[in-house]
Ligand SMILES: Cc1cc2nc3c(=O)[nH]c(=O)nc-3n(C[C@H](O)[C@H](O)[C@H](O)COP(=O)(O)OP(=O)(O)OC[C@H]3O[C@@H](n4cnc5c(N)ncnc54)[C@H](O)[C@@H]3O)c2cc1C
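Numbering (our numbering), first residue to last: 18 to 432.
Written as structure tokens, this is what we have:
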């Protein structure tokens, strides 16, 4: 089939996206760019899930080398496109992992050696070089840092809530907010062999599509709970804080991460020293392992410093935030950072679903219906790239799978 014919076929298809978090928005953008008629359903009046509660770190350096890293870099390119095309604030600030302990410095050196061969851009900094890049590193006991130029900062609250308006204006994507989807079902092919997916709201209204992408984040109970329950994914709760910028013009510079972070992201698993570092931390400070604490800082376009985070999984999750966890995070943050003012302005928590090994959990429980969740702590980093890869796969491998549209009349009625 020629590219032109395939493009025409895709151009005529209708896609439903459930969830207007970053994963849903990424799919809406990729589908709309390929010419689909896209409708997004979101149960809240505006996005309120993990996608507005995070650091806003676009963090390719945290991804293992290979496909994951490349997907993160593809996402990064798309965030930078959003900056020019949609006027979003995207700061290509880079990142520094700080080392205040010898085993942390060893892991950073080992990573730097390997990064050279893997084509990952990064450099080791002396304490003085760290100081030249950021006023925020605690110089006391600082052994050095690993600088990476690829990380970016976005304001998650503003980005996640303004992308819908841009998608609607540029591509005609339709958004139905305050619309809870109660069921999504494949009801067979129509007479022309087109997949027919029925999307039904909790009020009983329904519409038909050729394809539906379910991007419901940490909600694993509502749609296809049986598939999600057998996926090995876990729900995770994270506590976060922010410190006001006070309009002083003080800038953090790059995102900053501590030595504790080295045991959190999979990229550092290629370093032989990581096991000694893990052991030392769990022997010295088991409370940090217990609450999954590693500490990082980012700064948004209003100067506010976002600080976090902790990780509690599954049955350990309580609705109540623990002051003791915030205190532990602040204790560790003070070891690596110096801020002009430590007065905490906001405390909050967020949830995500995380697959133990995959960057995203995908499943096709019925023809034309795709689940896409489980991006864990890297959804801002990965979603745009993951959505691109999925839509390339869907349109390239089986261009006839959702080729034709239903008549354009909007079937927004009781079925
Ligand atoms: C505290 C915290 C810090 C993080 N920091 C970072 C970071 O700095 N960098 C990074 O890359 N990642 C980070 N992450 C991870 C990232 O935020 C998530 O991976 C990502 O936001 C998940 O996006 P999502 O669209 O799957 O989920 P969500 O943002 O939760 O969106 C899901 C949406 O689906 C809607 N929905 C659910 N069910 C239905 C239904 N039946 N009908 C209609 N709508 C429905 C919900 O209302 C919600 O709006 C962080 C996460 C947290 C919690």
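The beta carbon of each residue, even a glycine, is placed where N, CA and C say it ideally should be.
Between the alpha carbons of residue 137 and residue 297 lies a gap of roughly 28 Å.
DSSP, read as helix, strand or coil, puts residue 98 in helix.
For residue 204, the enclosing beta strand (DSSP E) has its first and last residue at 198–206. Measuring C-alpha to C-alpha distances from residue 149 to each of 50, 225 and 269 identifies 269 as the nearest. Distance from the C-beta of residue 70 to the nearest heavy atom of ligand 1 is below 7 Å. Taking 7 Å as the cut-off, the C-beta of residue 243 does not count as close to any heavy atom of ligand 1.
Under the rule that a run must span 3 or more residues, the beta strand (DSSP E) segments found entirely inside the region 110–183 read 112–116, 140–142, 161–165 and 169–171. By the neighbour-count definition (other C-beta atoms within 10 Å, threshold 16), residue 93 is a buried residue. When beta bridges are read from the DSSP output, residue 226 appears opposite 214. From the listed residues 406, 355 and 383, the smallest Cα separation to residue 151 is found for 355. When DSSP states are grouped into helix, strand and coil, residue 108 belongs to the strand group. Burial state of residue 231 is buried, judged by a 10 Å Cβ sphere holding 16 or more other Cβ atoms.
Measuring C-alpha to C-alpha distances from residue 233 to each of 58, 46, 84 and 308 identifies 58 as the nearest. Under the three-state reduction of DSSP, residue 342 is assigned to helix. A direct Cα-Cα distance of roughly 21 Å separates residue 294 from residue 154.
Counting along the chain, the unbroken alpha helix (DSSP H) around residue 242 starts and ends at 242–246. CA-to-CA, the gap between residue 203 and residue 213 works out to about 6 Å.
Burial check for residue 164: the Cβ neighbour count within 10 Å reaches 16 or more, so the residue is buried. When distances are taken from the beta-carbon of residue 387 to the heavy atoms of ligand 1, even the shortest one reaches 7 Å or more. Remark: C-beta atoms of residue 110 and residue 168 approach each other more closely than 8 Å. In this structure, residue 35 has its beta carbon less than 7 Å from a heavy atom of ligand 1. Not a single heavy atom of ligand 1 lies less than 7 Å from the C-beta of residue 178.
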